[in-house]
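At position 131 of the sequence shown the residue is numbered 1005 (our numbering), and the sequence of numbers has no breaks. The C-beta atom is built at its ideal place from N, Cα and C for all residues, glycine as well.
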Amino acid sequence: MTLEKKPISLTVNGQKVGPINVPIGMPMVDFLHHYLNLTGTRFGCGQGVCHACTVIEIKDGIKTQTRTCVYGAHMFDGREIITIEGHAKHDANGEVTKLTPIQEAFIDLFAFQCSYCTPGFVTGATVLIDELKRKPVKRENLEAAIEQGLNDHICRCTGYVRYYEAVRKVALDTPGCVID
């Protein structure tokens, strides 16, 4: 028995990928792991509930969160995504040269426990900060904005407090995210 395959092409972490023949129905998280060796995006619940599998999808220059465990790889044909591996800046050899402010804040505030959900939280936080740059919130509404922005992400270790503290720090330190 042979699996039916169909080609896909997309942009992943700024690089054009494909066309690659991929089995029809293969979840995107499996495509990232098995075809591109990008294993930072985590398979959690397999039902799109925990959001450990989220990647950034760029649509018309706007960053959005997209789950990869419930959507097939072919849904991403022609699209642009950023996996957790693509957040930081890298040199020509692929070595990390600069972390994002979200990544730095997560490390500085030790905003993770087992770290399984961390890629999804970093992705969600990055999308939230991008949104706050476009639509700032009043300081008194920042907590609610963080809760709303990260509400769908589940941490089984209950590391929410540190995640939220890291995002709050970045939002307050990023000009234009918070209005007094």
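Counted as a single uninterrupted DSSP element, the stretch harbouring glutamate 969 is not any alpha helix (DSSP H), since DSSP gives it neither H nor E. Bounds of the alpha helix (DSSP H) holding isoleucine 1003 are 992-1008.
Rounded to whole angstroms, threonine 974 and histidine 1027 show a C-alpha spacing of 20 Å. Under the criterion of beta carbons closer than 8 Å, threonine 915 and proline 993 qualify as touching, at roughly 6 Å. The DSSP assignment places complete beta strand (DSSP E) segments of no fewer than 3 residues inside the region 879-937 at 879-886, 889-897, 928-933, in order along the chain. Pairing isoleucine 1003 with isoleucine 976 gives a Cβ-Cβ distance under 8 Å.
Secondary-structure assignment with DSSP links lysine 963 through a beta bridge to Lys972.
Look at glutamine 987 here: in three-state DSSP terms it is coil, with no helix or strand label.
Secondary structure of isoleucine 1020 (DSSP, three-state): helix. Only residues of its own chain outside the window of five on either side were considered, and among them Gly960 have a CB closer than 7 Å to the CB of glycine 888, listed in chain order. Going by DSSP, glutamate 1039 is part of no beta strand (DSSP E) but of the alpha helix (DSSP H) stretching over 1034-1047.
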